[in-house]
Amino acid sequence: MAITKPIVSKYFVKVYPSRCRGCGICELICSICHEGESNPKLSRITVEKDRENYLFKPSVCMQCVKPKCVPACPNGAIKLEKKTGAKIIDTELCDNCGLCAEACPFNSNGTIIFSHPSQKVYVKCDLCFFRDEGPACVEVCPTQALVLKKL
Amino acid sequence: MIYGWVGDILFLDLSTGKIQHLNTMKYAKDYIGGRGIAARLAWDYVPQNIDAFDPRNPLIVMTGPLTGTLAPTSGRTIFCSVSPRVYPRPWYTHSTMGGFFGPELKYAGFDGLIIVGQSKEPVYLWIDDNEVRLLPAVDLWGSLITDVTNKIRSKHGADVQIACIGPAGENLVRYSVISHTPENASGHSGFGAVMGSKKLKAIAVRGSGGVKIADPSKFIKACRHAMDMSHTGPIDSAVRVKLEYPIPATVPACTQSCSVNCRIHRVVFDAPRKISKGEPIRACQAGCVGTVWLRKKSPQAQGGYEACGIRAPEINGWEPDEGGAELHLLCDDLGLDLWCLLTLQPWFIRCRELGIENLEGLKLNPRDPEWFYELLNMIAYRKGIGHVLAEDLRRTIDNWRKILPDELIKLGEALEFAYGFPAHRDGRIWDTEPLPFWLVAALMYATESRDPAIGTHSFLHLAELFLENKKLFLNKMRPIAAKLWGSEKAIEPSFEEKTQLSIWCQHRHIILDSIPLCDFAFPRLLKPIKDRESWIMSSSIYGDLDIEANLLSACTGLKISNIELEKIAERTFTLERMILVKKFNRDRKVDEMVAPHFQLPCKTDGTNISITDFSKLLEKYYIDRGWSQAGIPNVRKLKQLGIEECK
């Protein structure tokens with residue numbers, strides 16, 4: 001399926017690594033909201049924790065204006081969510097091929113778009129479009145290392 | 152479906168390599184988790200009168216239902232075993248730590264581990280989800296904490312969480328730690344030596360599972376509320392009111408899901424290194440606990456903190472930049488309890504002041520950090536005088552009783568007055584709690600297995616607010632005291648009506664160690680205090696004691712109220728007491744061993760209590776507890792708590 005209309009991003013989660021303390025609350029609330037369980041390995045946001053050097057780096061989809069993942073999908077499974085502008089993966093259409101994950105220039109360690117181990121579809125940040133309060137990770141980050149910004 | 156817990160406790164015999172599984176849910180309702188379930192397991196599995204280094208002594212490693220979730224400060228691990236440090240004889244006690252080890256254990260599918268037996272050769276336990284293996288650790292034996300961690304990570308992956316011991320644990324130093332990261336450690340109880348005696352160098356875990364939540368939206372709400380109530384931390388509020396010193400905006404979380412950012416005592420500084428032999432400076436063992444200095448790496452560095460040292464110049468004469476940071480890091484690497492610096496140095500300094508220049512052929516130079524650096528190495532490897540000191544200060548004093556002047560014996564007994572544990576928030580040695588705080592602590596000291604202040608910081612820290620303005624503090628606290636502790640007098644600086652308050656503190660400590668949460672942030676007895684003005688102006692300061700029960704209920708799906716939770720805590724406390732009574736001959740005589748310490752005057756207000764008066768207080772405490780005057784829980788109490796079989 002070809003994309004005819006330009007992708008309009010409205011919001012994205014801006015990351016401030018220097019504010020991050022490495023507590024991992026974002027990972028745990030993300031997995032609760034999407035999976036019903038606290039499981040960092042199923043979280044759509046991942047904090048790289050270099051505790052030896054006290055360096056912490058959350059990585060999450062930046063909801064690019066010109067996303068590489070969207071045209072990479074042969075099934076047109078990555079769609080624009082109207083309310084938030086999030087690029088979301090339609091699990092009905094995803095066949096777990098992984099081309100989106102390869103196309104994303106920021107996904108080198110495979111934590112931004114990844115294959116769900118039991119559901120066999122790719123998953124990524126959807127800005128919690130189903131929550132009235134907005135992205136859960138932003139809501140609970142104790143140090144404002146994650147902030148919802150308008151593009 | 153099980154929520155909160157993951158349902159499995161691994162039982163491992165190192166002598167035979169045999170693995171069994173226990174069902175957590177058999178214990179969950181009555182004991183919750185952590186210290187609660189550990190107490191039940193200890194009742195079942197700790198043999199009577201056993202020594203810490205007996206292969207049959209189980210090392211119990213527990214998590215709680217909140218471990219691995221986003222409940223603020225919940226990423227904790229609870230270790231329980233017979234402690235080699237306890238003086239005059241080892242008995243069952245506990246020691247907890249923060250970090251990421253407990254959560255990973257749960258992600259791998261285990262609520263806890265019980266490790267018994269003794270391996271012939273050094274081994275480490277490798278848990279990769281449901282794959283559990285004992286692997287040879289001959290090449291790891293002798294390694295420093297950092298090296299063990301790096302070697303295991305390079306073999307199994309950077310995402311592995313590790314709890315391990317250093318040379319001190321291998322050499323059965325009675326105050327050696329089980330270290331994790333190494334910012335976190337199970338420190339005081341000397342469980343590192345228990346691992347060492349079992350020839351178990353490390354436990355390494357990786358898990359891909361999760362912790363299921365019964366009511367996600369309710370749980371998130373409860374977590375949000377808990378975060379809002381605790382984000383400044385009670386101590387932070389208290390101290391900020393008092394001191395209002397500038398504090399760095401953020402410091403790394405010492406445990407998973409910590410939203411508290413307690414920041415207390417942390418000061419960023421830039422300083423040259425003093426000891427040339429030190430390893431490159433890294434993260435601190437003490438985490439958010441203790442007085443930690445962080446050194447700024449460079450203005451550009453992200454998060455930018457490099458190092459620390461325990462800051463106690465008033466005690467040991469060292470600022471971190473005078474060698475304190477290096478000594479701190481050496482303790483981390485050898486796997487020694489950091490607090491040995493606080494007891495050994497003032498003791499050796501007094502030796503010198505009294506004209507003792509040599510002990511066992513060693514020239515004493517305790518004000519020189521380089522000398523101390525060597526001493527710590529001698530202790531960890533049990534070389535020379537280190538062989539004696541590795542037995543801890545109380546046993547060392549017994550060893551040298553004939554050659555030491557009386558004053559040094561008394562000083563050593565005061566420094567580690569609590570069954571061999573270092574003095575802590577007793578108002579006499581380095582903490583300065585005035586009445587009523589030291590008295591509340593004293594009753595806890597008398598009736599527990601170890602230093603109890605380690606789990607009651609958030610209450611004992613209120614002393615800061617009390618000292619800031621006594622009248623204001625008492626006016627605000629009296630209604631709370633009447634409501635929770637039976638009388639307004641409980642919070643007065645007097646000797647009356649303190650037993651209920653002590654019992655309350657003990658139960659809140661058990662709750663925190665069982666669900667688990669950090670005692671720096673909880674219980675939220677008071678509302679968060681923003682600044683001095685809001686503290687003065689606020690008409691109601693009462694916080695929220697339902698936080699723990701609400702988190703637990705939403706997480707597990709069990710409907711548990713705060714009252715029920717305190718009842719469960721009483722059950723655990725009483726069972727721990729019965730373990731000491733039945734298996735380690737604990738009674739009133741042993742309880743009263745701490746009494747002479749509180750004859751010493753309090754550093755802040757000069758108050759003290761005679762041995763006779765202390766004994767009377769203890770009698771009242773026993774009555775309130777439903778114990779006999781010999782300090783033994785009576786059968787009616789056991790029945791009431793549903794543990795009559797533990798008599």
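Just so you know, the sequences run in chain order A and B. Numbered per the working numbering, the first sequence spans residues 1 to 151. Numbered per the working numbering, the second sequence spans residues 152 to 798. Idealized CB from N, CA, C, for every residue including glycine. In this text the structure is predicted, and so the values were computed from the model without any measurement.
When you compare only the Cα positions, how much space is there between residue i and residue j?
i, j, result
"residue 602(B)", "residue 527(B)", "23 Å"
"residue 649(B)", "residue 285(B)", "49 Å"
"residue 294(B)", "residue 323(B)", "15 Å"
"residue 203(B)", "residue 688(B)", "53 Å"
"residue 108(A)", "residue 535(B)", "54 Å"
"residue 332(B)", "residue 635(B)", "39 Å"
"residue 530(B)", "residue 553(B)", "22 Å"
"residue 481(B)", "residue 569(B)", "26 Å"
"residue 715(B)", "residue 223(B)", "22 Å"
"residue 734(B)", "residue 206(B)", "16 Å"
"residue 508(B)", "residue 502(B)", "7 Å"
"residue 774(B)", "residue 411(B)", "38 Å"
"residue 369(B)", "residue 33(A)", "12 Å"
"residue 392(B)", "residue 521(B)", "With a pLDDT of 42 at residue 392(B), under the threshold of 50, the modelled position of that residue is not reliable, and the figure given next carries that caveat. Taking the straight line from one Cα to the other gives about 38 Å."
"residue 796(B)", "residue 190(B)", "14 Å"
"residue 150(A)", "residue 318(B)", "54 Å"
"residue 742(B)", "residue 616(B)", "30 Å"
"residue 483(B)", "residue 330(B)", "8 Å"
"residue 396(B)", "residue 667(B)", "Its pLDDT being 37, under 50, residue 396(B) is placed unreliably in this model, and the value from its coordinates should be taken loosely. Each residue's Cα considered, the two are about 31 Å apart."
According to DSSP, what are the bridge partners of residue i?
i, result
"residue 37(A)", "363(B)"
"residue 353(B)", "275(B) and 315(B)"
"residue 331(B)", "335(B)"
"residue 89(A)", "78(A)"
"residue 282(B)", "279(B)"
"residue 260(B)", "Per DSSP, none; premise fails for residue 260(B)."
"residue 231(B)", "211(B) and 245(B)"
"residue 778(B)", "784(B)"
"residue 122(A)", "115(A)"
"residue 570(B)", "Paired residue(s): none; residue 570(B) is not in a bridge."
"residue 370(B)", "DSSP lists no partner for residue 370(B)."
"residue 265(B)", "162(B) and 211(B)"
"residue 514(B)", "509(B)"
Where does the unbroken alpha helix (DSSP H) through residue i begin, and where does it stop?
i, result
"residue 174(B)", "No alpha helix (DSSP H) holds residue 174(B); the beta strand (DSSP E) holding it covers 170-174."
"residue 621(B)", "621-636"
"residue 495(B)", "491-504"
"residue 588(B)", "588-598"
"residue 99(A)", "99-103"
How far does the beta strand (DSSP E) with residue i in it extend, from its first residue to its last?
i, result
"residue 63(A)", "Where residue 63(A) is concerned, there is no enclosing beta strand (DSSP E), given that its DSSP letter is neither H nor E."
"residue 335(B)", "335-337"
"residue 57(A)", "55-59"
"residue 244(B)", "242-248"
"residue 48(A)", "46-50"
"residue 236(B)", "Looking at the DSSP string, residue 236(B) is not in any beta strand (DSSP E), and its letter there is neither H nor E."
"residue 675(B)", "675-677"
"residue 150(A)", "146-150"
"residue 12(A)", "11-15"
"residue 694(B)", "693-695"
Could you round the C-beta distance between residue i and residue j to whole angstroms and report it? I think they count as a contact, below 8 Å.
i, j, result
"residue 266(B)", "residue 173(B)", "Between residue 173(B) and residue 266(B) the Cβ distance is about 13 Å, and since that is not below 8 Å, they are no contact."
"residue 242(B)", "residue 623(B)", "42 Å between Cβ atoms; not a contact."
"residue 575(B)", "residue 597(B)", "About 14 Å; that fails the 8 Å criterion."
"residue 89(A)", "residue 101(A)", "At roughly 10 Å, the Cβ-Cβ gap does not stay under 8 Å, so residue 89(A) and residue 101(A) are not in contact."
"residue 226(B)", "residue 408(B)", "5 Å"
"residue 175(B)", "residue 158(B)", "5 Å"
"residue 270(B)", "residue 163(B)", "About 10 Å; that fails the 8 Å criterion."
"residue 488(B)", "residue 339(B)", "6 Å"
"residue 160(B)", "residue 363(B)", "Wrong, their Cβ atoms sit about 17 Å apart, outside the cutoff."
Legend entry - Under 8 Å (Cβ pairs) to chain B, residues found in the segment 114-136 of chain A: Listed in sequence order: 117 and 136.
Legend entry - Contact set between the segment 556-572 of chain B and chain A, restricted to residues whose Cβ is under 7 Å from the partner: none
Inset, instruction - Give the residues from the segment 341-366 of chain B that approach chain A closer than 7 Å (Cβ to any Cβ), ordered along the chain. - result: 359, 360, 361, 362, 363 and 364
Legend entry - Members of the segment 14-25 of chain A that neighbour chain B once the beta carbon cut-off is set at 8 Å: 17, 18, 19, 20, 21, 22, 23, 24 and 25
Legend entry - Interfacial residues, the segment 33-48 of chain A to chain B, with Cβ spacing under 8 Å: 33, 35, 36, 37, 38, 39, 40, 41 and 42
Inset, instruction - Please name the residues in the segment 57-68 of chain A whose beta-carbon is closer than 9 Å to at least one beta-carbon of chain B, in chain order. - result: 57
Legend entry - Where the segment 94-115 of chain A meets chain B: residues whose CB sits under 7 Å from a CB there: none
Legend entry - Residues of the segment 210-223 of chain B with Cβ closer than 7 Å to any Cβ of chain A, in chain order: 219, 220 and 221
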